[in-house]
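J.: This is the structure I have questions about; it appears just below.
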Amino acid sequence: MAAPSVHSALFLCAFLQLFPLPGGQVPSCQEVRTVFQSLHPSSKWVPETPVSGADLQVCQTKGPTCCSKKMEERYQVAARSNMESGLQVVSAQLKRIIIQNAAIFQ
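For the sequence shown, the positions run -24 to -1, 1 to 82 when mature numbering (1 follows the signal peptide of the UniProt record, and there is no 0) is used.
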């Protein structure tokens, strides 16, 4: 299950703030790109440098972020898929237990 990766990538997107970097380095979204690319082979939705994120609904921050609207949508789809697959597994197990117990009581 990819849930921990989704959570860590979402965490990086949501909470990556611009901090003063030593030597006047330009902030980069490379860490977020690496995590996002492990979940989704295409990294075209990760900005090169942090952006305002004013249009985001989940990855909201008060400062710049490395999360784009398209990334946010992909994470929502992945989270929904993970939740549905988990529910299907648990539902199948419950169904099997109910069928077994019904057979015992008949």
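Note that the Cβ used here is the ideal one computed from N, Cα and C, for glycine as well. Since the structure is predicted, the reported quantities are computational estimates derived from the model, not experimental observations.
CB-CB under 6 Å to Q(-8), same chain, minus the five flanking residues each way: which ones, in chain order?
T.: As a working note, residue -8 is residue 17 in the sequence shown. Residue placement at Q(-8) cannot be trusted, given a pLDDT of 45 that sits under 50; what the coordinates show is reported in the next sentence. Hits under 6 Å: G39.
J.: Does the beta-carbon distance from C35 to E49 come in below 7 Å?
T.: Here residue 35 corresponds to residue number 59 of the sequence shown, with the count starting at 1. Here residue 49 corresponds to residue number 73 of the sequence shown, with the count starting at 1. Against a cut-off of 7 Å, the Cβ pair of E49 and C35 comes out as no contact.
J.: Just verifying my parser: in three-state terms, what is the DSSP assignment at T41?
T.: If you number the sequence shown from 1, residue 41 lands on position 65. Note: T41 maps to strand in three-state DSSP.
J.: Could you pull the DSSP bridge partners for V27 from this structure?
T.: The count along the sequence shown starts at 1 and reaches residue 27 at position 51. T41.
J.: Is the beta carbon of P17 sitting closer than 7 Å to the one on C42?
T.: For the purposes of this step, residue 17 is identified with residue 41 of the sequence shown, where counting begins at 1. For the purposes of this step, residue 42 is identified with residue 66 of the sequence shown, where counting begins at 1. No, the Cβ-Cβ distance between P17 and C42 is not below 7 Å.
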